[in-house]
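Single-structure report; data block below.
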Ligand SMILES: [Zn+2]
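Numbering (this note's numbering), first residue to last: 26 to 282.
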């Protein structure tokens with residue numbers, strides 16, 4: 026039987042029966058997969074303590090029968106990201122990030138850039154803790170990779186320019202709207218400066234989280250833009266979103282400046 030070996034990130038796991046574990050993981054070149062780890066909670070030799078959410082591991086697996094769960098054979102720990110585990114906002118944001126990836130990308134949809142982005146976020150959270158800025162950077166870049174990023178710097182309807190200082194934004198109509206096209210439809214007002222900052226972030230490096238500063242206003246505006254866009258593309262609110270709001274509310278944005 027063919028065997029596979031890859032670096033991977035554990036997105037989540039579910040204990041099953043007496044000692045088994047079902048693990049959802051993301052591997053470059055393979056995308057998101059689910060694996061069955063028989064006796065994972067007993068066999069320290071084969072799995073040690075490596076199948077924890079947000080850990081980087083080397084996984085060995087064989088294909089499952091009829092395309093279902095793959096059979097996990099062994100796991101070697103690369104990085105447990107211990108720093109992340111003592112910071113509640115970091116844990117909440119990591120869980121939210123993993124759930125958002127599951128919501129926006131299908132199983133076995135190989136997306137190496139998504140993997141690079143998630144790894145960079147988790148490394149950042151482990152080193153620096155969770156912040157509203159890290160959340161916004163991750164969401165914007167992930168939406169961009171998923172193809173759901175709205176029109177920003179021109180009107181989504183007539184492709185004309187956008188007079189400032191505020192822009193009417195409606196994700197369900199494609200994004201930013203000029204005053205003539207916005208009409209009286211439902212929209213949120215976002216400052217043109219924020220729209221410019223968002224566009225700059227999307228042109229910047231995918232994996233850079235440190236050394237970026239955004240004003241409190243841009244963070245708040247940016248998050249309203251994201252919320253409107255996600256509402257448009259997700260079938261239901263994410264389970265992890267409420268917990269994240271609770272431990273890291275946007276009004277307490279920390280890294281602003
Ligand atoms: Zn227009």
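In this text, a Cβ means the ideal position worked out from N, Cα and C, and glycines have one as well.
>> Any heavy atom of ligand 1 inside 8 Å of the beta-carbon of residue 178?
In response: For residue 178, the distance from the CB to the nearest heavy atom of ligand 1 is not below 8 Å.
> Going by the C-beta, is residue 111 closer than 8 Å to any heavy atom of ligand 1?
Replying inline: no
> Can you list, in chain order, the residues of its chain whose CB lies under 6 Å from that of residue 53, leaving out five sequence neighbours each side?
Replying inline: Cβ neighbours of residue 53 within its own chain (closer than 6 Å, five residues either side excluded): 137 and 140.
> Among the residues of its own chain, which have a CB less than 6 Å from the CB of residue 44, if the five just before and after it don't count?
Replying inline: For residue 44, where only same-chain residues beyond five positions count, the Cβ hits under 6 Å are 64, 66 and 67.
> Roughly how many angstroms separate the alpha carbons of residue 88 and residue 76, rounded to a whole number?
Replying inline: 18 Å
> What is the residue span of the alpha helix (DSSP H) that residue 258 lies within?
Replying inline: 241 to 258
>> Looking only at its chain, what residues have a beta carbon closer than 7 Å to the beta carbon of residue 152, apart from the 5 residues adjacent to it on each side?
In response: 108
>> Rounded to the nearest angstrom, what separates residue 123 and residue 259 at their Cα positions?
In response: 14 Å
>> Please list the terminal residues of the continuous beta strand (DSSP E) segment that includes residue 201.
In response: 200 to 202
>> Less than 9 Å between the C-beta atoms of residue 132 and residue 58, yes or no?
In response: Yes, they are a contact pair.
>> Using DSSP's beta-bridge definition, name the partner residues of residue 216.
In response: 191
> Based on Cα-Cα distance, which residue from 221, 272, 159 and 117 lies nearest to residue 176?
Replying inline: 221
> Cβ of residue 184 within 8 Å of any heavy atom in ligand 1?
Replying inline: yes
> So, using beta-carbon positions, are residue 232 and residue 168 closer together than 9 Å?
Replying inline: no
> What number of angstroms, rounded off, separates the C-alpha of residue 234 from the C-alpha of residue 227?
Replying inline: 12 Å
> In chain order, what residues of the same chain lie with their CB nearer than 7 Å to the CB of residue 217, ignoring the 5 residues before and after it?
Replying inline: 187, 189, 190, 191 and 192
> Shortest alpha-carbon distance to residue 299 belongs to which of 95, 70 and 119?
Replying inline: An answer regarding residue 299 cannot be provided, because it is not within the stretch 26 to 282 covered by the chain.
> Bridge partners of residue 57, per DSSP?
Replying inline: According to DSSP, residue pairing for residue 57 in a beta bridge involves 51.
> Buried or exposed: which applies to residue 273, given that a residue is buried once 16 or more other Cβ atoms fall within 10 Å of its Cβ?
Replying inline: So residue 273 ends up on the buried side.
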